[in-house]
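In the order they appear, the protein sequences are chains E and U.
Reading the first sequence from the start, the letters are residues 0 to 199 in numbering that gives the first Met the number 0.
Reading the second sequence from the start, the letters are residues 0 to 199 in numbering that gives the first Met the number 0.
Just so it is clear, CB atoms sit at the ideal spot from N, CA and C, and this is done for glycine as well.
A short write-up of the structure that comes next.
2 protein chains.
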Amino acid sequence: MDVIYPRGILGQLVKEISKFPGVGLRSAERIAYSIILSGPSRINEFSALLNKAKSALSRCKLCGDISEGEICQICRDEKRDRTKICVVREPLAILSIERSGEYRGLYHSLDGLISPLDGIKPEDLRIGELMKRIDDNIEEVIIALDPSVEGDATSMYLADLIKKRDVMVTRLAYGLPVGSDIEYADATTIRRALQGRQEL
Amino acid sequence: MDVIYPRGILGQLVKEISKFPGVGLRSAERIAYSIILSGPSRINEFSALLNKAKSALSRCKLCGDISEGEICQICRDEKRDRTKICVVREPLAILSIERSGEYRGLYHSLDGLISPLDGIKPEDLRIGELMKRIDDNIEEVIIALDPSVEGDATSMYLADLIKKRDVMVTRLAYGLPVGSDIEYADATTIRRALQGRQEL
Numbered sequence: 000m001d002v003i004y005p006r007g008i009l010g011q012l013v014k015e016i017s018k019f020p021g022v023g024l025r026s027a028e029r030i031a032y033s034i035i036l037s038g039p040s041r042i043n044e045f046s047a048l049l050n051k052a053k054s055a056l057s058r059c060k061l062c063g064d065i066s067e068g069e070i071c072q073i074c075r076d077e078k079r080d081r082t083k084i085c086v087v088r089e090p091l092a093i094l095s096i097e098r099s100g101e102y103r104g105l106y107h108s109l110d111g112l113i114s115p116l117d118g119i120k121p122e123d124l125r126i127g128e129l130m131k132r133i134d135d136n137i138e139e140v141i142i143a144l145d146p147s148v149e150g151d152a153t154s155m156y157l158a159d160l161i162k163k164r165d166v167m168v169t170r171l172a173y174g175l176p177v178g179s180d181i182e183y184a185d186a187t188t189i190r191r192a193l194q195g196r197q198e199l
Numbered sequence: 000m001d002v003i004y005p006r007g008i009l010g011q012l013v014k015e016i017s018k019f020p021g022v023g024l025r026s027a028e029r030i031a032y033s034i035i036l037s038g039p040s041r042i043n044e045f046s047a048l049l050n051k052a053k054s055a056l057s058r059c060k061l062c063g064d065i066s067e068g069e070i071c072q073i074c075r076d077e078k079r080d081r082t083k084i085c086v087v088r089e090p091l092a093i094l095s096i097e098r099s100g101e102y103r104g105l106y107h108s109l110d111g112l113i114s115p116l117d118g119i120k121p122e123d124l125r126i127g128e129l130m131k132r133i134d135d136n137i138e139e140v141i142i143a144l145d146p147s148v149e150g151d152a153t154s155m156y157l158a159d160l161i162k163k164r165d166v167m168v169t170r171l172a173y174g175l176p177v178g179s180d181i182e183y184a185d186a187t188t189i190r191r192a193l194q195g196r197q198e199l
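Structure (C-alpha cells):
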C-alpha cells in the first residue's frame, strides 16, 4: 500500500528533521507533529530563536568552538592555563571535556579527522591554525581525538608535526569506561586498557 | 565546577530543542551544534520551512489531523469508507494506522484522553465534534485509544455515549505484539491477550 502520509510540507519538515544527528524517521515524525500542533506562536518563537542564533553565533577565530563574538569565552578567559591546548575533532567534544571539570587549558577544534578514504587530507583540517597557536608559548598539546582508525592516524600525524617544535604531546588514556562491567567491554578496549596499564 | 557551557543563545537553543518529544539533553546538544555548524544557509532553509509549515498547515476541521487546507486528504477522499470513524488520541496515531494498510475509513482525533487527575474532562476533548459526525450516516466507530487507565476510561465513556445512537462501537484488539517473544511480554499484556483469545 502507498504510504500517503506524511507528504507535502509536513513530509518535507519530517525529512529535514530526520537529518538531525541521532534523530530517526519515527522521532522526526513525533517532533514535526509536536511542532505543528504546538501552534503558530511556538513556531514563531522557535524560528526567531534560530534566526537570533544564526546572527549571534559564529566560530571562534582561535579555537573554532561555537561562540558569541569573534573570540569565545574560553579563549578570552585569562584565568585558564594558556600553555596547554587540547585538540578535538569537533566543538561538541569541548562541551564533554569541560563537563569533566578536569581541564583548565585552551582548546582547538580540527573540524574533522584525516581520512584518505573519504578524501579528507591534512590541509582540509584546521591544522595550520593549530601550528600557529602552538608557536605562541604552548608547552603541551593534549590530543583528545576519537579512538578510531582515523583518530589514531590523525593523532600520529599531529604528534610528528608538533614534536618538531619541541612541545610536549600527550593524548587521552584509552581504557575501560568508569562504571562499566569488564565483561561487556569490547576486545579493542581491553587491548588498549592492557597496553596502557599502570603500576599500582 | 560550574558548567559554563552551553549558555547564552546556544544554551537557549539547546533548551528549546530538548523540549521536543523524545529528545534528551545530550541529543539536544548534538542537534543544536549541528544546526549552528551547518551554517547560515541551512538555518535559513530550515527556518523558511518552519514558516511555510506554519502558514500552510492547520488542523482539519473534521478529523483534527494536520492538514494542508481546511479539510484533510483523508476526509476529502471519496474512495474511503465513509461509514466508519476510527477515534484516536492524537493525529500521530493516524499515521501509524494508515501505515498498517488495514483501514480505509475516516478518523477523528480526540486531542487527549479523559483524565480527572490532570483535570481533563470530556468537554475538553473533541467529543462533541465526534458526535456530530456520527449522526452523519456512520455505522461503526472503532476506538483506537492507548491501552492505559485513561485510554480505557475514555473508551468506556465514548462507547456508552455512542451506543445510545444505535451505532456499532468496536475497539482495537489488545494482545501480544507481533514478532515479540512471549516471555518478554508484561503481565497486563498477557492478561489482555488471554481475555481476548479467539477460537482457532
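* Asked: For the candidate residues Ile30(U), Ala192(U), Ser99(U), Arg6(U), whose alpha-carbon lies nearest to that of Pro146(U)?
  -> Check the Cα spacing between Pro146(U) and each of Ile30(U), Ala192(U), Ser99(U), Arg6(U): the tightest is with Ala192(U).
* Any C-beta of chain U under 9 Å from that of Val166(E) -> With 9 Å as the cut-off, Val166(E) does not count as an interface residue toward chain U.
* Does Ser114(U) have its Cβ less than 9 Å from a Cβ in chain E? -> By this cut-off, Ser114(U) is not an interface position.
* Looking at C-beta atoms only, is the number of pairs between the segment 30-39 of chain E and the segment 10-27 of chain U that lie closer than 8 Å three or more? -> Because the criterion of three Cβ pairs below 8 Å is met, the segment 30-39 of chain E and the segment 10-27 of chain U touch.
* Asked: Does the beta-carbon of Ile189(E) have 16 or more other beta-carbons within 10 angstroms, so that it is buried, or is it exposed?
  -> By the 10 Å Cβ count, Ile189(E) comes out exposed.
* For Arg6(E) and Leu12(E), the rounded distance between their alpha carbons -> Approximately 9 Å between the Cα atoms of the pair.
* **3 or more residues per run - each beta strand (DSSP E) lying fully within the segment 119-150 of chain U** => For secondary structure counted as the beta strand (DSSP E) over 3 or more consecutive residues, the segment 119-150 of chain U holds these complete runs in sequence order: 139-142.
* One or two residues paired with Thr188(E) in a DSSP bridge -> Assignment of beta-bridge partners to Thr188(E) by DSSP yields no partner.
* Asked: Secondary structure at Tyr102(U), three-state DSSP: helix, strand or coil?
  -> It is coil, neither helix nor strand.
* Asked: By Cβ distance below 7 Å, which residues in the same chain neighbour Cys74(E) in space, the five residues on each side in sequence not counted?
  -> Hits under 7 Å: Cys59, Leu61, Cys62, Leu105.
* Asked: Can you give the Cα-Cα distance for Asp64(E) and Ser108(E), rounded to whole angstroms?
  -> In this model, Asp64(E) and Ser108(E) are separated by some 7 Å (Cα to Cα).
* Cβ-Cβ distance between Ile137(U) and Lys83(U) below 9 Å -> Going by beta carbons, Ile137(U) and Lys83(U) fall inside the 9 Å limit.
* To do: Would you verify that the beta carbon of Glu69(U) is, or is not, closer than 9 Å to some beta carbon of chain E?
  => Using a Cβ-Cβ cut-off of 9 Å, Glu69(U) does not count as an interface residue toward chain E, since no Cβ of chain E sits closer than that to its own.
* So what does Glu67(E) bridge to, in DSSP terms? -> Under DSSP, the beta-bridge partners assigned to Glu67(E) are Leu56(E).
* Asked: Between Ile119(U) and Leu129(U), which are expected to be in contact by the criterion C-beta below 8 Å, what is the C-beta distance as a whole number of angstroms?
  -> Not a contact, Cβ separation roughly 16 Å.
* **Partners in chain E for Gln11(U), counting only beta-carbon separations shorter than 7 Å** => The answer, in chain order, is Leu48.
* Chain-ordered chain U contacts of Gly21(E) [CB-CB under 8 Å] -> The contacting residues are Ser26, Arg29, Ile30.
* Is the number of C-beta pairs between the segment 87-107 of chain E and the segment 36-46 of chain E that are closer than 8 Å three or more? -> Contact fails: fewer than three Cβ-Cβ distances are below 8 Å.
* Using 8 Å as the cut-off, classify the Cβ of Pro20(E) as near or not near the heavy atoms of the ligand SAH, replying yes or no. => In the structure shown, the ligand SAH is absent, as is every other ligand, since no ligand is present at all.
* To do: Tell me whether the beta-carbon of Val140(U) lies closer than 9 Å to the beta-carbon of Ile126(U).
  => Between Val140(U) and Ile126(U), the gap from beta carbon to beta carbon reaches 9 Å or more.
* **Lys14(U) in three-state terms, based on DSSP** => It is helical.
* Under 9 Å between C-beta atoms, does Lys83(U) make it to chain E? -> It does not; no Cβ of chain E falls within 9 Å.
* To do: For Ser66(E), count neighbouring C-beta atoms within 10 Å of its own C-beta (all shown protein chains included) and say buried if the count is 16 or more, exposed if not.
  => Counting Cβ neighbours within 10 Å, Ser66(E) comes out buried, since at least 16 surround it.
* Mapping DSSP to helix, strand and coil, what is Met84(U)? -> It is Ile, not Met, that sits at residue 84(U) in the sequence shown. In the structure shown, Ile84(U) adopts extended strand secondary structure according to DSSP, grouped into three states.
* Ile142(U) beta carbon less than 9 Å from that of Arg170(U) -> A distance below 9 Å separates the beta carbons of Arg170(U) and Ile142(U).
* **Simplified DSSP state of Arg164(U), which is helix, strand or coil** => It is coil, neither helix nor strand.
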